Amino acid sequence: MNADSLLYWMTDRAAGSWQQFKDAVAVLGGDQPGLTSYLLGSLNYADFSFTTRARWKISAPTLIATAGTEREAVLVGARTPRMLEELQRASEPYQVKATLEAAGDAPQRLILHGERSACDRLCAELKVGFIHDAPAHFANVVYPMWALIEDRQSESRPMNWTPRYFDFASLSWLDGVKTGAACEFTSSYQVKRYFFHVARNRFIPMHRHECVYAAAAASGIPLASYGATERVLRVPTKAALPVNYARWATLISLNQPISEYGFIRYTIADATAARTLLAYLGQPYCPRS
Amino acid sequence: MNFLRRLLAVVAAAIGVGMALRRSSRTRHSSRRGSAAAKDEFSHGLSASDNGGTKQAGHEACTRSDSTQIAGLERTVDEAVEAIAVATRPPAVGSVAKAASQERAKMSTARLGNDAIPNAELPTKAPDTTVVPTEAADTTVVRAEAADTTPAPAEAADATRVPTAAADATHVPTAAAGATHVPTAAADTTHVPTEAADTTLVPAAGRDTKPVPEEAAGTTPVAAEAADTTVVPSEAADTTVVPAKAGDSTVVAAEVADTTFVSAEAVAPSLDVTDSTGQSSKAPSAPSNVSAAPSENGKPPIAVQIETVENRAEDPQSQPTEPGAQSENRTSQRREATRHLKTQRLSSLGEKLQRQRRRRSSSNVLARIASRQARSIPVFDEAMFAIGTNTWACDRDYVLWNQALADYFWSVPSDACISMPVSPNTLEAVAVYADIESEGHDAESSFVAAVAAMYHKLVESPDGGLEVFLGCDTSGKPACLSFIALSILAAYDMSAEDGLDAKNYYRRLSERLGFPPNSEYLPKFDRASFETLWHFLDQWSFKTYGTHIAMPSGEYRGLPYVGLPLTHVPLRRVDVQRLPQFFEWAKYEPHSVVGLEVLSHDVSLWARPPRGFTRSGSRALEDARRSVVLEQIGVELRNWDGTVVGEAATFTSVMPEIRLDFVRGRPLLFWVVKRAQQVPDYIKTTDGREFVSSDGEYFDEFPLGPGDGADLLNGFEWIDAAGGRFSIRRPPTAVLPFGPYESCGLISRRGLLLNVRNSVLAHESVADAVRSYLQEVTGQDCLALNAGTPLTSWLLFPNVVPIKEAACVPDVLIALSIVHSVEIDVSRGLRGWNNAGWLIEALPTVTISGLRSETPVLLDGQPVALNSYGEVQGASAILSEPRAHTISAGSVSRRLNTVEPFYRSDITRAPNTSQQKALKTYVLPKGDWIIVGSVAGQVARPRYSFPNAVVAFVDFEAAWAVSASRPPFRAILLSETPPRWTARRTKALRTWSELIYRAHLRRASIESEVSTITPEKRDALWLTYYKVARQCKRQLKRRGAE
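Keeping their order, the protein sequence lines are chains A and B. Numbering-wise (my numbering), the first sequence opens with residue 0 and increments by one. Numbering-wise (my numbering), the second sequence opens with residue 3 and increments by one.
So, in structure tokens, the structure goes:
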């Protein structure tokens, strides 16, 4: 699938329904719209909302300074070929070098190399946002998992829907319902809904990945871990981070996340940022050293 | 003595003139009912009896009629003249008053023959009194005295038959003031000066007039025809144009009718010529011009009229003989006096008269017919039809719709008039035809928004007006077309609604243009300009395509302005809303194409009571507009999605389609349900299905489950649980063909498309029949998929490419009939934002089905090849240029817009943290922590205290995190920074010192998150902090004591 074309289409459309996104992915030859949306969401190209009326919206073009480096920043958000040309042309006078890197199934990664002040001026000229301190920015905009659990209204269990729960031992969905676990309910028309089963007949509706981490937080089960020495945040592939946390992790890591041996690895140089993320995620406290 | 007597008489006459003038002004306010009384009195010869003016009763009774004023004035003139004459001549035998009375009696009698209105009640027999002499006919004055239809006694007729006053130019012919004697048999002509529209005209058959006698009609067919439509001034209600015996005069009327259609400019000079020479051939239209003298010529209408009458009076040919004629001397004296007064008063009175007449005429529909017929057609400069003459109406959406509408309505060559039945479904068809997509809106909303935006932007601007739509846009299409289409759409809306009359057109137009319902008027909307736009479009159509657009006729002929759009919507919304019932009754398939003959037959059967259209719709179906109606029904059928709305919109049923897609080689089926306008965006059916519409236009797709196979086979109806007002239903089917879909995959269709890739879903029970049928139409074996389908007991035959029709289609497989028409489908591409077209980054595949051999396929005029599946080859190179493209195959063509992706910065807002205050983040283990900085007084509490950890954001460099409120008491070193003293006496300083002091006293465990510091150094650093804290505490205590 050509993810760049998809991004151009999303830029032109600006917003749309989940159905339109699914169709667009299918038109471009993709067959996993869910994975594609996760990828685009985690790279801050678009925001996806999976409420009753699932929709998406393109993010504004924004330059994000890479945490742990002084001269590198990544451009995310809306993008068109003409905008890229304009960026290339405008960056030269500021001694800023723009390069495009292939990024697998994601749109190409546009990296700017240059002084922060020069990038500042360039962004001002192009009317592009610039996030200097990505960890602090995400810590401000991401909703902590505990707050999510406390704030959401619980619902009763959907009747006549087929339930499954997430088993932390096997990291897979098993049939049935379990208190304190993430639950999936499927209707006879293949409509799925996800809940964090707090207590008897108390189900907090959440997104698929959120409810897994909510259950893990409530149970104190470690899913993600940060190695201070190797500076890597490891997350099981079968329990991927909620998309906003994935965005946080991706955009403060030095390079693209890597999926290997059943884990997604984010290389995060800033330990405090990684620990903050884990704290927000409800994962056990990770000491500084 | 004589001199003194004369002088007194002159003074008395002058006083009489003044009184008469006052009285004449009063008569303006008298009632019409009084007119009859006055006429009765007049008819008994009372009017001429009193001295110094008219009888008061007669005057007061003499109505609001404008002519009365003039009659009064005339009378005043007569009196004045008489007084002068009496004063200046030797006294006769008897009293002066008696002589004057006799004299005036004669004059009055004579005048009655000429002045129709006030004296119209004179019992004159029309044939005897109203015949316009041929000479008079030459001057085209149809005498108003032809008026009274009341049979007159012979003697009275004799007394009045000689229109001496007609010859007498000093008499202002009152009826002639209303002398808009435009005998408007003008129905079939239109070239009338615009000014003539101001005249008030009523048909001769109306009011008090008598129908044309048969003999008159019989003797002069032309006259009879004219009589049918002859129009006389409303003021001349008591008069008739066509006398019973007036074969000649009726001819005159007809001639006049013919001669009224000259331009205003051409008329003015003809007045003198005609009147002086009496040559009818030169200027037969003088009367009409007299009455409708253009104000631009600088002369008030009345003045012109007077002049004409005078000229005519001077014409010996046109002057009838007068048995009781007065002496020339007397006549000249009267003329002198009349001129003097007329020049002073008549001009202003005439203007008032004209204004009043216009006002009155506005309420007269029939008069409007004539005024409309009398309206001139503007002739536009050739240059206005050139490409790009209109550069104002250039908004992208507006121009797009303009071009689309022109392409759609003028795409089929026709000898008949172009009709534009603009309706929501037509707009949908136009959008599809022109490849316009509206994001989240239907085509109607998108179109209306585009035109309304243009109206507000251009027409409403200070220099604006409807004229801004004149000219052609950059594609050579009339810039007014979209606006006119909107005006037709407003006419389409006309039906009885709550609080809004069915006939209220302008309110609907106003609402369509986005004005609030309570707005009083349409800003900058000028009806004359509106009509001009229609003429421009008509002339453009004729110049470009050789065909006119449909113009009002029949029942709409009499509706100026509104008739224009109404002509194009023979079926209005209320009728169109009944069409789905007809379609269902006739068992038509949604989106199907039915021949006009079949449609005509079926609709005739259906439209019988109690079914059928509204009265106006039924009339349209029965008159000359039937073909337009049938075409409109055909368009609605092609756009019908199977939705049936019950009576009074109480029930809406939608027919879902099924999309077939292959995901990793596995066939998947999805319900595709279009959301009808009345249907809410969330429906839960009685059997628990939920339909949610995220984009407004369609409900979100969801896959078919194994159990849906039975529903499909047996047909189903899913009714919404909340109220049962909506349902989703499909008829039973055992076979389902799939064809190209705009998005990915294939969509269920009505029939197999020739020469392109189809798929067929068939139930097991008909699998053999399907297999053999497909073999026949494709010429090869068609195998069902091994993987099966999501539906139990159903088989899927993919890649079915029919190449011919079957000799016979079994009834059970009728749904697999071959579609005969050529269709151009666009699929597997990505569309851009609202109306933008296809993105060049993801161009679609163009498929042409139903193409017979050797039909060339052209893309932007260049021939292109098709592969074996009907897909256009090599289109990307052409389509990648962002512009409008046209692909055509035979007589079918479709437009494709391709665009570059575009980012609209106003939709999203970029965050910018460069100006934000930098905060440092600290993550701590669970506990009741307070963060302290190295500078005394720097204290902060954490933002989050989770069960697993604590997160703090502080705007200073934190040194320690201290937990001293409850055990375990702890202090964690966060940075290796020595403490600094500050003399600030603040509450924070007290907290800072108290916290460290208390933690030290409570022997808090000292820990460190700084890996580079040794425990000894850490403890020493903590001790330093303790000492500073203690010092602060003492100083604070000392200051407090002081």
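Quick reminder that beta carbons are idealized off the backbone N, C-alpha and C, glycines included. Since the model is a prediction, treat every value here as computed from it, not as a measurement.
Asked: Counting only the same chain and skipping the five closest in sequence on each side, list residues whose C-beta sits under 7 Å from that of R12(A).; Found: none
Asked: Reducing DSSP to helix, strand and coil, say where G667(B) ends up.; Found: coil
Asked: Can you say whether H603(B) is buried or exposed, counting buried as having 16 or more other CB atoms within 10 angstroms of its CB?; Found: exposed
Asked: If the criterion is Cβ atoms closer than 8 Å, does the pair W983(B) and A1031(B) meet it?; Found: no
Asked: Near G747(B), what residues of its chain come up, given a Cβ to Cβ distance below 6 Å and the 5 sequence neighbours on each side ignored?; Found: R661, L662 and D663
Asked: So, with DSSP's three-state summary, where would you put L124(B)?; Found: Only weak support exists for where L124(B) lies, its pLDDT of 33 falling under 50; the coordinates are left without a value.
Asked: My guess is that G698(B) and D722(B) are in contact by the Cβ rule of under 8 Å, so how many angstroms apart are they, rounded?; Found: That belief does not hold up - the Cβ atoms of G698(B) and D722(B) are roughly 18 Å apart, past 8 Å.
Asked: Look at the alpha carbon of A609(B) and the alpha carbon of L539(B), and state the distance between them as a whole number of angstroms.; Found: 34 Å
Asked: From this set, S186(A), Y244(A), H208(A) and A181(A), which residue's C-alpha is nearest F202(A)'s C-alpha?; Found: A181(A)
Asked: When we look at the beta-carbon of L6(A) and count the other beta-carbons within 10 Å, is it buried (16 or more) or exposed?; Found: buried
Asked: With 7 Å as the C-beta to C-beta threshold (strictly closer), list the residues of the segment 841–874 of chain B near chain A in chain order.; Found: L841, E843 and A844
Asked: Report the partner residues of W962(B) according to the DSSP bridge assignment.; Found: V934(B) and L975(B)
Asked: Can a CB atom of chain A be found closer than 8 Å to the CB of S629(B)?; Found: no
Asked: Sort out for me which residues DSSP pairs L639(B) with in a bridge.; Found: Answer is none; L639(B) lacks a bridge partner.
Asked: Could you tell me which of E959(B), G939(B) and P949(B) sits nearest to Y924(B), measuring between CA atoms?; Found: E959(B)
Asked: Name the chain B residues that come within less than 7 Å of Y7(A), Cβ to Cβ?; Found: L841, E843 and P903
Asked: Below 7 Å between beta carbons is the criterion; list the residues of the segment 16–33 of chain A that meet it against any residue of chain B, in chain order.; Found: S16, W17, Q18, Q19, D22, A23, A25, V26, L27 and D30
Asked: When the Cβ atoms of the segment 162–169 of chain A are set against those of the segment 116–133 of chain A, are three or more pairs found closer than 8 Å?; Found: no
Asked: Scan the segment 65–125 of chain A and note each continuous beta strand (DSSP E) run of 3 residues or more that stays entirely inside, going in chain order.; Found: 71–75, 96–102 and 105–112
Asked: Is it true that the CB of T849(B) sits closer than 8 Å to the CB of S829(B)?; Found: yes
Asked: How big is the Cα-Cα spacing for A135(A) and K922(B)?; Found: 8 Å
Asked: Grab the span of the beta strand (DSSP E) containing I148(A) for me, first residue to last.; Found: From DSSP, I148(A) is part of no beta strand (DSSP E) but of the alpha helix (DSSP H) over M144 to D150.
Asked: Let me check understanding here. Comparing Cα to Cα, which of G565(B), A431(B) and V646(B) lies closest to A588(B)?; Found: V646(B)
Asked: Looking at the secondary structure, which residues open and close the alpha helix (DSSP H) in which N869(B) lies?; Found: N869(B) -> no alpha helix (DSSP H), and no H or E assigned at all.
Asked: Which class does E719(B) belong to by DSSP, given the choice of helix, strand or coil?; Found: strand
Asked: Can you give me the C-alpha to C-alpha distance between A149(B) and I486(B), rounded to a whole angstrom?; Found: At A149(B) the pLDDT is 35, less than 50, meaning the model places this residue with poor confidence; the figure from the coordinates comes in the next sentence. A149(B) and I486(B): Cα-Cα distance of roughly 44 Å.
Asked: Under DSSP, the alpha helix (DSSP H) around F584(B) begins and ends at which residues?; Found: L581 to W587
Asked: In whole angstroms, what separates the C-alpha of L280(A) from that of R207(A)?; Found: 14 Å
Asked: Counting only beta-carbon atoms, is M205(A) nearer than 8 Å to chain B?; Found: no
Asked: Within the 8 Å Cβ cut-off, does V953(B) reach chain A?; Found: yes
Asked: With burial defined as no fewer than 16 other Cβ atoms inside 10 Å of the residue's Cβ, what is the status of L111(A): buried or exposed?; Found: buried
Asked: Would you mind stating whether H537(B) and M422(B) have Cβ atoms separated by less than 8 Å?; Found: no
Asked: Restricting to Cα atoms, I'd like to know which of Q405(B), L491(B), A452(B) and V381(B) is closest to Q541(B).; Found: V381(B)
Asked: Touch check for the segment 926–937 of chain B and the segment 29–48 of chain A: three-plus C-beta pairs under 8 Å?; Found: no
Asked: Looking only at its own chain, which residues have a Cβ that is under 6 Å from the Cβ of E462(B), when we skip the five neighbours before and after it?; Found: P525 and K526
Asked: Classify S128(A) as helix, strand or coil using the three-state DSSP reduction.; Found: It should be pointed out that residue 128(A) corresponds to Gly in this sequence rather than to Ser. Strand at G128(A).
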